[in-house]
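Structure representation (structure tokens):
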């Protein structure tokens, strides 16, 4: 998918919502657990009930890897289901990978080619030759961790040297990577005070923003400085949507929660 | 495995060698490719031919993930084969994972419990709550990226603030994490000039050292400042050993290359 196609979808649906498919077998409705592939069935029903309200889905790979081969099968079925039925949806493998050059290429091929994800999250610590192998894929996006929403994000990401914090340096340095137009960045919704500084460095790149909902971030605060003329935001909610109910009405409730967020986004977009 | 057991194995075998099982189907001998699981068969023969010369094996997970479900099956068979036949071997999942708290717990369970690896490599960028879920497992080790061997390692890891470089800060900060006695660190062999500084901060922790061989690092240089009274080093070689030949003699040649390194290590240990 191209950036233009993503923007078009956002304008069409009046939504820049991303739904996190972080499926935990302990949290899904009882009636699904007897099925052959409860994780895929859960995802399928969530997707069918919410696809018109969201522009992106983001399975966190840890939740699939945790179930070994079975988890991997559920992931494959989920991404195939998305690509076959809703090709207009932007898909994000939340994998936070990154390794030396030839090894990053392996990860990139696995997620971009074999699984046909549109994008993958990548950790920046190993620098240029760990990121560029991902950037080399046309119409695929590499979403670099910049400023994460968790408490530990402040251990290193805001360390300051020469009046510049590490996450700012990560943003600036990565702009010099080859094919940096294929970059997006993870910026937590729990850190709205940083969005203004971030937009000074990356005025046009998309930001993937987790932390709205369960983690306490505010959509209004994020949009105040994060929104660009081309929107430039994908705001993720996981638990708040997919676990809105653990009864037989889980998909319906997920749709209701998605609609609430989409309506809030529509108001913001209409006011632009 | 405990740290004491690992040290005992090193003294017994006069080796602190780790062999990287980074298996690429394009590089393995032709005669294996007709078998049902060429990757596992390759690993099995390498392991059988080298287990007496090495104390650790390190599959890089990217190489398995690249083959999807089949790759995951090869990985499971490989770790099970190691644990059943050579329980004295220290096993490292080179996964470079790391995510917010509850998600890191998922990765930790997958690698420490389901696959029964002794250790996993973890990226530090997301800080304390992304690392501590791994550290919570008793007799399991979390190998944090500190100073990596690749060129891009210098993009951020050596940034300096208050006379301290980022990798030094990572070392110091992580010592305050809960269960920090379960930490080890990745330090590239291509950066021998840093080992003295690193040992001032972590005088006793084990360092996993990639970059000897194909990447150009020197074993002598690494040992000069890296070696401790309890050895404290695991030196990894991947391509230099497992691809020493791509003929039917690949396991024999891998054993010869391992013996060369082990003999060099024996000389260093005997001189201690």
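Protein chains in written order, with the UniProt record's numbering: chain X, 1 to 272; chain B, 1 to 272. Backbone N, C-alpha and C fix where the C-beta goes; we use that ideal spot for every residue, glycine too.
The contact set of residue 9 of chain X on chain B, defined by CB atoms closer than 9 Å, is empty, because the minimum CB distance reaches about 27 Å. Taking all protein chains in view, the Cβ of residue 271 of chain B is surrounded by fewer than 16 other Cβ atoms within 10 Å, so the residue is classified as exposed.
Counting C-beta atoms within 10 angstroms of its own C-beta, residue 183 of chain B has 16 or more neighbours from the protein chains shown and is therefore classed as buried. Close to residue 63 of chain B, with beta-carbon spacing below 8 Å, are these residues of chain X in chain order: 103, 106. Spanning the alpha carbons of residue 269 of chain B and residue 14 of chain B requires a straight line of approximately 7 Å.
Cβ-Cβ distances below 8 Å link residue 71 of chain X to 39, 63, 64, 65 in the same chain, with the five nearest sequence neighbours on each side left out; the list follows chain order. Below the 7 Å Cβ cutoff, chain B contributes 150, 152 as neighbours of residue 130 of chain X, in chain order. Distance from the CA of residue 200 of chain X to the CA of residue 260 of chain B, rounded to the nearest whole angstrom, comes to 54 Å.
The bridge partners DSSP lists for residue 235 of chain B are B:17, B:209.
By the neighbour-count criterion, in which a residue is buried when 16 or more other Cβ atoms sit within 10 angstroms of its Cβ, residue 191 of chain B is buried. For residue 254 of chain X, the enclosing alpha helix (DSSP H) starts and ends at 250–271. Around the beta carbon of residue 210 of chain X, 16 or more other beta carbons sit within 10 angstroms, so the residue counts as buried. Within chain X, the residues placing a beta-carbon under 9 Å from that of residue 68 of chain B are 72, 76, 110, 114, 115, ordered along the chain. For residue 185 of chain X, the enclosing beta strand (DSSP E) begins and ends at 183–187.
Beta-bridge annotation (DSSP): residue 92 of chain B is paired with B:119. For residue 117 of chain X, same chain residues with a beta-carbon under 6 Å away, outside a window of 5 residues either side, are 91, 93, 111 in chain order. For residue 136 of chain X, DSSP records no beta bridge to any residue. Residue 162 of chain X has its alpha-carbon roughly 44 Å from the corresponding atom of residue 68 of chain B.
Collapsing the DSSP output to three states places residue 220 of chain B in a helix. The C-beta of residue 212 of chain X comes no closer than 8 Å to any C-beta of chain B. Neighbourhood of residue 156 of chain X in chain B, by CB distance below 8 Å: 124, 125, 127, 166, 169, 170, 173, in chain order.
When the five nearest sequence neighbours on each side are left out, the beta carbons in the same chain lying within less than 7 Å of the beta carbon of residue 79 of chain X are those of 91, 115, 116, 117, in order along the chain. Taking the CA atoms as reference points, residue 167 of chain B sits about 14 Å from residue 150 of chain B. Counting along the chain, residue 35 of chain B sits inside no beta strand (DSSP E), nor does DSSP assign it H or E at all.
When DSSP reads this structure, residue 195 of chain B sits in no beta bridge, so it has no partner. Per DSSP, the unbroken beta strand (DSSP E) holding residue 142 of chain X starts and ends at 141–147. Note on geometry: alpha-carbon atoms of residue 132 of chain B and residue 139 of chain X lie some 36 Å from one another.
Taking the Cα positions, residue 51 of chain X is about 55 Å away from residue 255 of chain B. Taking a cut-off of 8 Å for Cβ pairs, the region 212–224 of chain B and the region 167–177 of chain B do not touch, as fewer than three such pairs fall below it.
Proximity of residue 216 of chain X to chain B, defined by a Cβ-Cβ separation below 8 Å, is not satisfied. In the structure shown, residue 67 of chain X falls within a coil segment according to DSSP collapsed to helix, strand and coil. The beta-carbon separation of residue 147 of chain B and residue 188 of chain B, rounded to 6 Å, stays under the 8 Å limit for a contact. Close partners of residue 185 of chain X in chain B (Cβ separation under 8 Å) are lacking, with about 13 Å as the shortest Cβ gap. Below the 9 Å Cβ cutoff, chain X contributes 99, 103, 106 as neighbours of residue 60 of chain B, in chain order. Classified as exposed, residue 247 of chain X has fewer than 16 neighbouring CB atoms from the shown chains inside 10 Å of its CB. Look at residue 96 of chain B: its C-beta is under 8 Å from a C-beta on chain X.
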